[in-house]
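> My structure is below; once you've seen it, I'll send some questions.
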Amino acid sequence: MPAGALVGLLGPNGAGKTTTMLLLATLLAPTRGRAALFGHDVTRERRRAREALGLVFQEPSVDGLLTVRENLAFALALAGLADGGAGGRIDAALAASGLARFAGQQARTLSGGWRRLLDIVRATLHGPRLLILDEPTVGLDPEHRDAMWHLLDAERRARGTTVLFSTHYLEEAADADRVVLLAAGRVVADGAPAELAAEVGTLVAEVDGPGAARVAEALDAAGATVIARTARGVRLGLRAGGERLAEVATPERGVTRLVVRAPSLDDAYLLHTQAARAEGAA
Amino acid sequence: MSALVVVRGIVVRDARRWLRQGSRLAAGLGRPFLWVLFVGLGFQGIARVDEGIPYSAYAYPGGIAMGVLFGGMLTAISTVYDREFGMLRLMLASPAGTLPVLAGRTLSAALVGTLQGLVVLAAAPLAMPVGPAQLAAGALAVVAGALASAALGLLVASRLTSVENFGGVINVVLFPMLFLSGALAPLDRMPAAFRVAALANPVTYLLDLLRHALGQRAAFGVATDLLALALAFALAFGGAALLFDPERRFLRR
């Protein structure tokens, strides 16, 4: 991962996103293989790896009985940075995040959104080179989600912090520099969101209706890939054969709805996770 | 150096939390006085010990031990709250590692146990004739007991995964430790099985140490008591350090 990059970790529930993050966070020893952060092995050089890390877990790690400022002071202490200009660092972070007006308030009185922002500030306060966030936007309203990404962008620009995050919201991952797709504990795709989308095809056709399966068969020869089968129909990735589609996907052949559009990360996600699931079942 | 910063940070945080939980504070201080009142004065009429002292004076060190044991152990066991809310994972992932985190928590829990024990000890002159020298010796016993209790609490917390078990631990661990220590009745009057259990119980030695300090008849020597408490501390802290190490154990929360 290049410095300052935004990397998204995607995959269905149980794919191994949290496990991957715990491994990198040195909180879980790998049963096989190895992992390193900035050249430091996460099991043999835990201390060095940890010094480079900022962690945000699924539930905010914030002490409700401490004030906002005390929470940040505690985070600095955990990083071994209690002395020397700590007040200045905390004040700057409070101002930049908009948390300054809550500084003296106990964290339990904050709304979920503000608590998450405090959690992010807490994780970045010591200036980590890598920030790991496990589904940071779960349960956040759009306003706080925006504020959170803004905060992370500022951190990346100012300090070149690399950000690794997991999410189920694909539109968030579409903004990432790189996306790693996990399924059943394996990396099934890895690349820039646009690259991954392009792998699906040049066009995507959503074909609904009882005749959808036959349309897929008819287009198989023309090089169409089935991205996903849904309850309503199929989603096809096309490289060519757009003309053929117009011929076979007609109401007479049992097609009730046809949408043709540019491929998205969503399609790449479905293609790879469904393929992995089919493999697992077989 | 940075390890000391971590230890201090944890102690400061715990102290703040402790001071802000009024009901826990009141319960921690109230419980030992209930013991002194209900057990000490309550059994006064029917219980006799051949120690040449009234039963209320005999039971009093039990109240002090209760303050120390419950204060130290419960504060340390509250680490399970940190596990439940993800704070523990954060602490263990700090660059300083597991040991300073556990040392900080042990210290803050021992502080709570010491304070609770000292409050009960300070009221001892109301129940028995004791002078400043005896109170000072008692204070040292309280500190030793609080350190051992804190480490034991940490050991329990390392195996506890949910706060729902908290009440069970009080009933299954803390009360038996207190009852099997000679707090209620002299050890030599107990059934043999209880006596054996009492010998393996660190609280027995804390209580014995308190009896030494307060001028009551004790079962062991001061050196034996101190050694036993030091051993309990070392074993419990060492065990906790192994069990909390994230590399050896999956952190569920």
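Going down the list, the protein sequences come from chains A and Y.
So for the first sequence, my numbering puts the first residue at 80; every next one is plus one.
So for the second sequence, my numbering puts the first residue at 2; every next one is plus one.
Using N, Cα and C, we set each Cβ at its ideal position, and we do this for glycine too.
None of these values were measured; they are calculated from a predicted model.
State yes or no: is the C-beta of Y:GLY72 within less than 7 angstroms of the C-beta of Y:VAL113?
Position 71 of the second sequence holds residue 72 of chain Y. Position 112 of the second sequence holds residue 113 of chain Y. Yes, Cβ-Cβ distance for Y:GLY72 and Y:VAL113 is below 7 angstroms.
> Compare the C-beta of A:SER140 against all C-beta atoms of chain Y and say whether one is closer than 7 angstroms.
Residue mapping note: residue 140 of chain A aligns to position 61 of the first sequence, counting from 1. Closer than 7 angstroms to some Cβ of chain Y, the Cβ of A:SER140 qualifies, so yes.
> Taking C-beta pairs closer than 7 angstroms, name the residues in chain Y that A:ALA104 reaches, listed in chain order.
Taking the first sequence and counting its residues from 1, one reaches residue 104 of chain A at position 25. Going along chain Y in sequence order, the residues near A:ALA104 (Cβ under 7 angstroms) are ALA94.
> Indicate the three-state DSSP secondary structure (helix, strand or coil) for Y:ARG254 in the structure shown.
Counted from its first residue, the second sequence places residue 254 of chain Y at position 253. With a pLDDT of 36 at Y:ARG254, under the threshold of 50, the modelled position of this residue cannot be trusted; read the value that follows with caution. Y:ARG254 falls in the coil class under three-state DSSP.
> Note down the Cα distance separating A:THR240 from A:ARG123, rounded to an integer number of angstroms.
Numbered from 1 along the first sequence, position 161 holds the residue referred to as residue 240 of chain A. Numbered from 1 along the first sequence, position 44 holds the residue referred to as residue 123 of chain A. Distance between the alpha carbons of A:THR240 and A:ARG123 is about 23 angstroms.
> Answer yes if the region 180-195 of chain A comes into contact with the region 139-147 of chain A, meaning at least three C-beta pairs across the two stretches below 8 angstroms, and no otherwise.
Counting Cβ pairs under 8 angstroms, three or more are found: they touch.
> Nearest chain Y C-beta to A:ARG222 closer than 7 angstroms, yes or no?
Position 143 of the first sequence, counting from 1, holds the residue named residue 222 of chain A. The amino acid at residue 222 of chain A is misidentified as Arg; the sequence shows Glu. By this cut-off, A:GLU222 is not an interface position.
> Please determine if the region 250-270 of chain A and the region 291-304 of chain A are in contact, where contact requires at least 3 C-beta pairs separated by less than 8 angstroms.
Cβ pair count under 8 angstroms is below three, so no.
> Which residue comes first and which comes last in the beta strand (DSSP E) that contains A:GLU138?
Residue numbering aside, residue 138 of chain A sits at position 59 when the first sequence is read from its first letter. Element bounds for A:GLU138: n/a, residue is neither H nor E.
> Kindly list the residues whose CB is nearer than 7 angstroms to the CB of A:ALA276, restricted to its own chain and excluding five residues on each side of it in sequence; keep chain order.
Locating residue 276 of chain A in the first sequence gives position 197, counting from the first residue. Excluding sequence neighbours, A:ALA276 sits near PRO342, SER343, LEU344, ASP346, ALA347.
> I need the DSSP call for A:ALA347, collapsed to helix, strand or coil.
Position 268 of the first sequence holds residue 347 of chain A. Helix at A:ALA347.
> What residue range does the alpha helix (DSSP H) around Y:LEU89 cover?
Taking the second sequence and counting its residues from 1, one reaches residue 89 of chain Y at position 88. Run containing Y:LEU89: 88-93, per the alpha helix (DSSP H) assignment.
> Take Y:MET178 as the anchor and find which of Y:ILE11, Y:VAL164, Y:ALA27, Y:MET74 has the nearest alpha-carbon.
Sequence index remark: in the second sequence, residue 178 of chain Y carries index 177 (1-based). That would be Y:MET74, whose Cα lies nearest to the Cα of Y:MET178.
> Ignore the nearest five residues each way along the sequence and tell me which others in Y:PRO96's own chain have a CB closer than 6 angstroms to its CB.
Start at 1 with the first residue of the second sequence, and residue 96 of chain Y comes out as number 95. Hits under 6 angstroms: none found.
> Give a yes or no on whether the minimum CB-CB distance between A:ALA363 and chain Y is below 7 angstroms.
Only positions 80 to 361 of chain A appear in the structure, and residue 363 of chain A is not among them; the question remains open.
> According to DSSP, A:HIS119 sits in a beta bridge with which residue or residues?
Indexing the first sequence from 1 puts residue 119 of chain A at position 40. Bridge partners of A:HIS119: A:LEU116.
> Going along the region 176-210 of chain A in order, which residues come within less than 7 angstroms of chain Y, judged by CB to CB distance?
Cβ contacts with chain Y: none found.
> Enumerate in chain order the residues of its own chain whose CB-to-CB distance from Y:ARG212 is below 6 angstroms, with the five nearest sequence positions on each side excluded.
For the purposes of this step, residue 212 of chain Y is taken as the residue at position 211 of the second sequence. Result list for Y:ARG212: PRO62, ALA219, in chain order.
> Any idea if A:ARG340 is buried or exposed, counting beta-carbon neighbours within 10 angstroms, 16 or more meaning buried?
Residue 340 of chain A sits at position 261 when you count from the first residue of the first sequence. It is exposed - the Cβ of A:ARG340 has fewer than 16 other Cβ atoms within 10 Å.
> Cβ atoms of A:LEU116 and A:ALA131: under 7 angstroms apart, would you say?
For this step, residue 131 of chain A is matched to residue 52 along the first sequence. For this step, residue 116 of chain A is matched to residue 37 along the first sequence. Cβ distance < 7 angstroms, so A:ALA131 and A:LEU116 count as in contact.
> Spell out whether any CB of chain A is found under 7 angstroms from the CB atom of Y:VAL113.
Start at 1 with the first residue of the second sequence, and residue 113 of chain Y comes out as number 112. Taking Cβ atoms only, chain A never reaches closer than 7 angstroms to Y:VAL113, which makes this a no.
> Give the residues of chain Y in contact with A:ARG311, contact being defined as C-beta atoms less than 8 angstroms apart.
Taking the first sequence and counting its residues from 1, one reaches residue 311 of chain A at position 232. The premise fails here: A:ARG311 is roughly 39 angstroms from chain Y at the closest Cβ pair, so nothing lies under 8 angstroms.
> What does the alpha-carbon distance come out to for the pair A:ARG201 and A:LEU151?
Within the first sequence, numbered from 1, the residue matching residue 201 of chain A stands at position 122. Within the first sequence, numbered from 1, the residue matching residue 151 of chain A stands at position 72. Distance between the alpha carbons of A:ARG201 and A:LEU151 is about 6 angstroms.
> With H, G and I counted as helix, E and B as strand and the rest as coil, what does DSSP make of Y:VAL131?
The count along the second sequence starts at 1 and reaches residue 131 of chain Y at position 130. Here Y:VAL131 sits in coil by DSSP.
> Taking CB distances under 7 angstroms as the criterion, tell me whether Y:SER109 reaches chain A.
Along the second sequence, one-based indexing puts residue 109 of chain Y at 108. Judged by the 7 angstroms Cβ criterion, Y:SER109 is not in contact with chain A.
> Does DSSP put A:PHE181 in a helix, in a strand, or in coil?
The residue labelled residue 181 of chain A in the question sits at position 102 within the first sequence. A:PHE181 falls in the helix class under three-state DSSP.
> Taking C-beta pairs closer than 9 angstroms, name the residues in chain D that Y:ALA97 reaches, listed in chain order.
Reference to chain D is not applicable here, since the protein chains of this structure are A and Y.
> Please state the DSSP three-state secondary structure of A:VAL259.
For this step, residue 259 of chain A is matched to residue 180 along the first sequence. If DSSP states are grouped into helix, strand and coil, A:VAL259 belongs with the strands.
> In three-state terms, what does DSSP make of A:VAL286?
As a position in the first sequence, residue 286 of chain A is number 207, starting the count at 1. Strand at A:VAL286.
> Using a beta-carbon distance below 7 angstroms, is Y:GLY10 in contact with chain A?
The residue given as residue 10 of chain Y occupies position 9 in the second sequence. Output row for Y:GLY10: interface = yes.
> Are Y:ALA143 and Y:GLY118 touching if we call contact CB-CB under 7 angstroms?
As a first step, residue 143 of chain Y must be located in the second sequence, where it is residue number 142. As a first step, residue 118 of chain Y must be located in the second sequence, where it is residue number 117. The question names Ala, but residue 143 of chain Y in the sequence shown is Val. Cβ distance < 7 angstroms, so Y:VAL143 and Y:GLY118 count as in contact.
> Exposed or buried, what is Y:THR107 when buried is set at 16 or more other beta-carbons lying within 10 Å of its beta-carbon?
Along the second sequence, one-based indexing puts residue 107 of chain Y at 106. With 16 or more other Cβ atoms within 10 Å, it is buried.
> Taking the beta strand (DSSP E) that Y:THR162 falls in, what are its first and last residues?
For the purposes of this step, residue 162 of chain Y is identified with residue 161 of the second sequence, where counting begins at 1. Per DSSP, Y:THR162 belongs to no beta strand (DSSP E) and is neither H nor E.
> Looking at the strands, I want to know which residues DSSP matches up with A:ARG336.
Sequence index remark: in the first sequence, residue 336 of chain A carries index 257 (1-based). Answer is A:ASP287.
> Could you tell me which chain A residues have their CB closer than 8 angstroms to the CB of Y:SER163, listed as they occur along the chain?
Counting from 1 along the second sequence, the entry for residue 163 of chain Y is found at position 162. Neighbours of Y:SER163 on chain A: none; closest Cβ ~15 angstroms, over 8 angstroms.
> Quick check on the DSSP output: what are the complete alpha helix (DSSP H) runs of length 4 or more inside the region 158-233 of chain A, in order along the chain?
Listed in chain order, they are 165-176, 191-203.
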